[in-house]
Amino acid sequence: MKKGTTIFLKLAVILMGLPVLGLSLVGLIELVRNPANPDYAYMLYPIVIGIYISWLPYYFALYQAFRLLTFIDKGQAFSELSVFALKKIKYCGIIISILFMVLLPFVFMVAEKDDAPGLIIVGMLPVFTAMVVGVFAAVLERLLREAIDIKSLNDLTV
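Written as structure tokens, this is what we have:
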């Protein structure tokens, strides 16, 4: 494969990380300047802490996606390294889903206190999005594993 065929996808991975970083920094600064209402603090602070903890697996998954694209550029798409990167992306998706599921009771409390039932749906979006990414990575991992097995069988017979 020609070098640089995945430049657009690498750029997309980088652009996926920038808004999260920017919003997180602005959110952190605003939270320090304007602390939450004491009536809501016990509900909002765990949510904010959970969101900041989810940074780690999110950026690790983006890094693994970038590495996977680099492997594709180098012609190593059908290698154990690619399978390993997809496995890490799968685990990151599952971890993010679990983190946001742990935060859902706090989102429910805020929605009940504010009488905002739409907030519950917004709180569920990260759970389902991360789970879709995890399942998609698991499917790709399995397909890639099977393709590698077929390729190795063909290499042995030729």
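If you're matching positions, the sequence shown starts at 42 in my numbering and goes up one per residue. In this text, a Cβ means the ideal position worked out from N, Cα and C, and glycines have one as well.
Residue i and residue j: beta carbons closer than 8 Å?
| i | j | result |
| --- | --- | --- |
| A32 | G134 | In the structure as shown, the chain starts at 42 and stops at 199, and residue 32 therefore has no counterpart that could be examined. |
| V148 | I88 | yes |
| A171 | F125 | no |
| A179 | K115 | no |
| G24 | S138 | Residue 24 cannot be examined here, being either before or after the span of the chain that is shown, 42 to 199. |
Between the options, which lies nearest to residue i when the distance is taken from Cα to Cα?
| i | options | result |
| --- | --- | --- |
| K128 | D114, V143, T46, P98 | P98 |
| L56 | A106, L181, F177 | A106 |
Check residue i in the structure and name its three-state DSSP category.
| i | result |
| --- | --- |
| S65 | helix |
| D196 | helix |
| D80 | coil |
| T170 | helix |
Just to check my reading of the structure: residue i and residue j have Cβ atoms closer than 8 Å, yes? What is that Cβ distance to the nearest angstrom?
| i | j | result |
| --- | --- | --- |
| K51 | L110 | 5 Å |
| Y81 | V151 | 7 Å |
| L185 | S123 | 6 Å |
| A77 | L85 | 4 Å |
Runs of alpha helix (DSSP H) lying entirely within the segment 104-158, each at least 4 residues, in chain order: Listed in chain order, the complete alpha helix (DSSP H) runs (minimum 4 residues) inside the segment 104-158 are 121-155.
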